[in-house]
Amino acid sequence: MNKIPLIARSEYLRRVRTKAFVIATLLAPIALLALVAVSVWVGIVTQEGGARTVAVVDETGELGAALSERLPDNYAARVETAPLDSLRARVERGALDGYFVLPERRISGDDEAAFYSEGVGGFSAQMRLQRAVEDVVRRARLRATGASDDVRRAAESGVDVRMVALTEEGEELVAAILHQD
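Here the sequence shown stands for residues 73 to 253, numbered as in the working numbering.
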């Protein structure tokens, strides 16, 4: 007779009856729920909330106004000529939520733009700010090349993407990522 199943059953029952196993079995779901709750809480705390006031230091002379208009609705932006250290001091005292620096050679691609703040918000806020800068720089580059209005419209138009899951019943729309101007 094969004694392996008998030994395995005996070992299993011995382990299952221990206090550590019972405690771990009860605490594992609670720990998982706590981890999810903390993740949600961190997401809510870092979410972008309320109106934000930012300054734009435009060394290019042509991107500042366009960026001020392209930022999300809860951002109030002004083009500033103040020194960077004074803008930093204003951020530190809470008079400004942050400031952009658009270097002179940003349009040609030789320098990178930067956003300075004490907290840039969550991931979605960072992506919206980055997208705004990218859009403004892309439009300036197209203008600089002398592209026709048709070419500029084609390059600036968004691309809608549908995410579709294939199921046994057919297809199911998971998400529609629609471009918004």
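Here a beta-carbon is modelled for each residue, glycine too, at the ideal position from N, C-alpha and C. The model shown is predicted, which means the values in this text are computed figures rather than measured ones.
Could you spell out where the beta strand (DSSP E) holding Arg150 opens and where it closes? Translated into the one-based positions of the sequence shown, residue 150 becomes position 78. Its beta strand (DSSP E) spans residues 147-152.
Helix, strand or coil, according to DSSP, for Leu65 in the structure here? Not covered by the structure: residue 65. The range shown for the chain is 73 to 253.
Who are the near neighbours of Ala123 in its chain, counting only those whose CB is closer than 7 Å to its CB and skipping five residues on each side? Residue numbering aside, residue 123 sits at position 51 when the sequence shown is read from its first letter. Asn146, Ala148, listed in sequence order.
Could you have a look at Ala219 and say whether DSSP puts it in helix, strand or coil? Taking the first residue of the sequence shown as position 1, residue 219 is located at position 147. Coil, per DSSP.
Would you mind stating whether Leu135 and Leu174 have Cβ atoms separated by less than 8 Å? Along the sequence shown, read from residue 1 onward, the residue named residue 135 stands at position 63. Along the sequence shown, read from residue 1 onward, the residue named residue 174 stands at position 102. Their beta carbons are under 8 Å apart, which means Leu135 touches Leu174 by this criterion.
Pairwise C-alpha distance: Val94 and Ile79: Here residue 79 corresponds to residue number 7 of the sequence shown, with the count starting at 1. Here residue 94 corresponds to residue number 22 of the sequence shown, with the count starting at 1. The straight-line gap from Cα to Cα measures roughly 21 Å.
Glu206 by DSSP, collapsed to three states: which one? Here residue 206 is taken as the residue at index 134 of the sequence shown, counted from 1. Here Glu206 sits in helix by DSSP.
Quick one: what's Arg84 bridged to in DSSP? In the sequence shown, the residue the question calls residue 84 occupies position 12. Position check: residue 84 holds Tyr in this sequence, whereas Arg was assumed. Answer is none; Tyr84 lacks a bridge partner.
On the DSSP bridge assignment, give the partners of Ala96 in chain order. The count along the sequence shown starts at 1 and reaches residue 96 at position 24. When beta bridges are read from the DSSP output, Ala96 appears opposite no residue.
Please state whether the Cβ-Cβ distance between Leu139 and Val205 is less than 8 Å. The residue given as residue 139 occupies position 67 in the sequence shown. The residue given as residue 205 occupies position 133 in the sequence shown. Yes, they are a contact pair.
Starting from Leu174, trace the alpha helix (DSSP H) both ways and give me its first and last residue. Counted from its first residue, the sequence shown places residue 174 at position 102. Annotation: Leu174 is outside any alpha helix (DSSP H); the continuous beta strand (DSSP E) that includes it extends over 170-174.
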